[in-house]
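Since the structure comes first, as structure tokens, the remarks are kept for the end.
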Amino acid sequence: MKVKDLFLTQEEFEIKEVSTGILKTSPIPENLSPYYESEKYISHHQEGKSLKEIIYKFFQYFNLLYKKTIIDREVKTGKNLLDYGCGAGDFINFIKKNYCVYGIEPHSHAQKMAQQKVGKQNIKTSLTEIENESLDVMTLWHVFEHIGDQSIFLDEVYEKIKKGGKLIIAVPNYKSYDAQYYKEYWAAYDVPRHIFHFSQEGMNSIFNNERWKLKKVKPLLLDSYYISIISEKYKKNPFFWLKGCLLGLISNINGVKTGDFSSLIYVIEKK
1 MKVKDLFLTQ EEFEIKEVST GILKTSPIPE NLSPYYESEK YISHHQEGKS
51 LKEIIYKFFQ YFNLLYKKTI IDREVKTGKN LLDYGCGAGD FINFIKKNYC
101 VYGIEPHSHA QKMAQQKVGK QNIKTSLTEI ENESLDVMTL WHVFEHIGDQ
151 SIFLDEVYEK IKKGGKLIIA VPNYKSYDAQ YYKEYWAAYD VPRHIFHFSQ
201 EGMNSIFNNE RWKLKKVKPL LLDSYYISII SEKYKKNPFF WLKGCLLGLI
251 SNINGVKTGD FSSLIYVIEK K
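Just so we're aligned, residue 1 is where the sequence shown starts under full-length UniProt numbering, counting upward by one.
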């Protein structure tokens with residue numbers, strides 16, 4: 001399938017199946033940095049007082065609370081948590097009263113925002129700064145799909161998490177109703193920034209082995225609305241809010257029947 005970078009450059013890329021349940025963007029530019037160089041792409045852009053930003057913060061609160069609830073249920077002992085790709089630090093700031101939090105964020109401006117919220121000493125630049133077998137839980141909220149060499153990355157992650165510790169990953173699901181409906185306009189393809197694209201079958205193939213056990217799959221219900229609204233904007237629909245919210249609702253209803261929600265959270269245990 002041919003998909004354009006509708007967010008920024010309008011360049012065309014191809015999405016190919018590389019194994020069961022896993023798609024890959026092709027070709028991947030040698031330097032991806034320019035594809036992230038937009039204020040609109042940084043999670044901390046919603047810091048103002050406009051109606052749009054107030055609404056964003058309102059729904060963000062419930063999203064953060066939902067994520068915290070999942071972690072609270074999974075982490076029975078220990079409180080060391082690392083959020084990989086923490087952005088402006090909203091999530092770790094939200095849970096810092098209950099956990100000893102750390103974050104890793106490559107974008108310099110977002111990194112500074114995160115440092116202001118949780119302390120400079122708590123924001124790291126790479127996994128090498130984290131002690132082996134020190135983490136009770138590591139989270140990647142819509143980050144895993146951005147990582148090129150996932151095999152090497154998971155080797156590093158495995159060393160940092162305690163035995164029985166949790167790896168929690170949220171990624172878009174290309175078998176969801178909204179993905180099938182929007183096809184090349186589906187905002188969650190987000191090429192070339194999203195290098196990989198996953199279904200439940202693909203994530204099962206990665207995380208059911210001698211190292212990892214995929215324990216649970218949970219929906220991120222608000223994602224379907226956000227992705228559908230952006231997809232409608234890409235289609236230049238003047239009523240993108242209305243149509244996007246409707247499609248988001250339909251996608252969630254379909255997800256209740258099939259389990260294929262727009263985005264899914266995978267709770268994975270280190271054996």
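Glycine residues also receive a C-beta, built at the ideal position from the N, C-alpha and C atoms.
Given the structure is predicted, the values throughout are model-derived calculations rather than measurements.
The C-alpha of I253 lies about 24 Å from the C-alpha of I168. Nearest C-alpha to E159 among Q180, T128, Q10: T128. In the three-state scheme derived from DSSP, where H, G and I count as helix and E and B as strand, C86 is classed as coil. Beta-carbon to beta-carbon, I250 and L220 are separated by about 16 Å, too far to satisfy the 8 Å threshold. For the pair C245 and I268, the CB atoms are not nearer than the 8 Å cut-off.
Taking the Cα of I147 as reference, the smallest distance to any Cα among M203, N31, Y61, F196 is reached at F196. With fewer than 16 other Cβ atoms inside 10 Å of its own Cβ, Y36 counts as exposed. When the beta-carbon positions are compared, K4 and E11 come within less than 8 Å of each other. In the three-state reduction of the DSSP assignment, P27 falls in the coil class, being assigned neither a helical nor a strand state.
When secondary structure is reduced to three states using DSSP, F196 falls in the strand class. In the structure shown, F261 adopts coil according to DSSP, grouped into three states.
Secondary-structure assignment with DSSP links P106 through no beta bridge to anything. Bounds of the alpha helix (DSSP H) holding V157 are 150-160. For K233, the closest of H194, G255, A187, D136 by C-alpha to C-alpha distance is A187. Residue environment analysis places N208 among the exposed positions, since fewer than 16 neighbouring C-beta atoms fall within 10 angstroms of its C-beta. DSSP, reduced to helix, strand and coil, places L32 outside both helices and strands of the structure shown, so it counts as coil.
Put simply, the stretch 12-29 touches the stretch 173-192. At least three CB pairs are less than 8 Å apart. Straight-line spacing of the CA atoms in V118 and N98 works out to 13 Å. Between the alpha carbons of S262 and F239 lies a distance of about 21 Å.
Secondary structure at N208: strand, using DSSP grouped into helix, strand and coil.
Shortest Cα-Cα distance from P106 to any of E53, S126, F62 involves S126. Out of E156, L154, V256, the CA that lies nearest to the CA of Y177 is found in V256. Judged by beta-carbon spacing, E74 lies beyond the 8 Å limit of K175, meaning their Cβ atoms are not closer than that value. In the three-state scheme derived from DSSP, where H, G and I count as helix and E and B as strand, G164 is classed as strand. It is roughly 19 Å from the alpha-carbon of P172 to the alpha-carbon of L154. Under the three-state reduction of DSSP, K117 is assigned to helix. Closest in C-alpha terms to I92, from the list Y185, V137, Y181, K162, comes V137. In summary, K67 is buried, with 16 or more beta-carbon neighbours lying within 10 Å of its beta-carbon over all protein chains present. Per DSSP, the continuous alpha helix (DSSP H) segment holding F59 begins and ends at 51-74.
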